[in-house]
Amino acid sequence: MLPIRLETDASGYAISGILLQKHPDGWRVTAYFSQKMIPAERKYETHDGELLAIVGSFRHWRHYLEGSTHPVEVLSDHSSLRSFMTTHKLSRRQVRWALSLSAYDFVITYRKGTLNPADGPSQRPDHQRKADQEDQMDDALVLQRVLFPTVALISVEPKDDLLAQDMYLHELLVAGTTSPRQRSQSKQASEAVSQEGPYEEVGASLIDTLPEFLQIDPLAKHMLEEITVRKANPGMSGIVAAAQYY
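Numbering (the UniProt record's numbering), first residue to last: 1 to 246.
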């Protein structure tokens, strides 16, 4: 099996790789590889972007590189990657990449970016156009969420039957929508109704008109009546005495 060299590079929007094999007359290109980055990958730092190009190239040419009889020579223009497989401080993403690369026998060698032919495939114009379109769509979605929030219009129907029973609320509504003279007449009418209606004893009547599933236990009801009707706290002795009857 011929020795293999892998030249990789990453731009701000794509990764690329060139696979070469060493023949008697020198290194010959076997295949080219380039791939547009997804939006999340375009946010990677330069170090991780260059490493992504190496991982992507190994994944793409696995059938060539796995089980190679010679160590694969990887050329990168990022010098810090030379110690990547031996460093002890890695992010979670880098740990996953290191595990995937552990199946290969390779050596990373530094070469200046101006001498790296993989720079061309990583800057393909079509990849850049697609990346720009995706970024514009993301910006538009963000602006739509921020500037054009969805507003749900809720139509609240008045409960005329409940409103008619609550004279206190009725007085408040009348006070805010009528003249002083009309308010005086409304107050007189409401007082006449309250003398005959269920509002003579406020504390007891309010509790009695609650639905069954909202009614409280008799002892608590008695304590509430003591506080709201008699305007006094019965105290602990009064509570103990009342508890004997409930």
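Note that beta-carbon positions come from the ideal geometry of N, C-alpha and C, so glycine has one too.
Just the Cα atoms here: how many angstroms apart are residue i and residue j?
i, j, result
"TRP27", "ILE15", "22 Å"
"LYS112", "ALA53", "16 Å"
"TYR64", "GLU134", "33 Å"
"PRO3", "PRO117", "19 Å"
"LEU51", "LEU81", "7 Å"
"SER91", "GLU45", "12 Å"
"ARG93", "TYR110", "22 Å"
"SER122", "THR8", "9 Å"
"ASP126", "ALA103", "33 Å"
"ASP48", "MET1", "31 Å"
"VAL95", "LYS22", "31 Å"
"VAL156", "ALA40", "Confidence at VAL156 is low in this model, with a pLDDT of 49, below 50, so its placement is unreliable and no value can be given for it."
"GLN128", "SER68", "34 Å"
"LEU115", "SER76", "10 Å"
Check residue i in the structure and name its three-state DSSP category.
i, result
"ALA118", "helix"
"LYS130", "helix"
"ALA10", "strand"
"THR109", "strand"
"LEU99", "helix"
"LEU90", "coil"
"LEU19", "strand"
"ARG124", "coil"
"LEU75", "strand"
In chain order, what residues of the same chain lie with their CB nearer than 8 Å to the CB of residue i, ignoring the 5 residues before and after it?
i, result
"SER100", "VAL55, PHE58 and ARG59"
"GLU73", "PRO3, ILE4, ARG5, LEU6, PHE106, VAL107 and THR109"
"ALA98", "PHE84, MET85 and LEU90"
"ASP25", "none"
"VAL29", "ILE18, LEU19 and LEU20"
"GLU66", "ALA103 and TYR104"
Using C-beta distances below 7 Å, list every residue in its chain close to residue i, excluding the 5 sequence neighbours before and after it, in chain order.
i, result
"ARG42", "GLY12, TYR13 and ALA131"
"PRO71", "ASP105, PHE106 and VAL107"
"ARG124", "ALA14 and SER34"
"ALA10", "GLY49, GLU50, LEU52, ALA53 and SER122"
"ASP119", "ASP9 and GLY113"
If you drop the 5 nearest sequence neighbours on each side, which residues of the same chain put their C-beta closer than 6 Å to that of residue i?
i, result
"ALA31", "LEU19"
"THR87", "none"
"TRP61", "LEU19"
"SER79", "TYR110"
Nearer than 8 Å: is that true of the beta carbon of residue i relative to any heavy atom of the ligand NAP?
i, result
"ARG28", "In the structure on display, the ligand NAP does not appear, and there are no ligands present to speak of."
Self-check item: 4 or more residues per run - each alpha helix (DSSP H) lying fully within the segment 42-72
Solution: 46-60 and 62-65
Quiz prompt | Given 8 Å, three or more beta-carbon pairs between the segment 5-15 and the segment 35-44 | solution = yes
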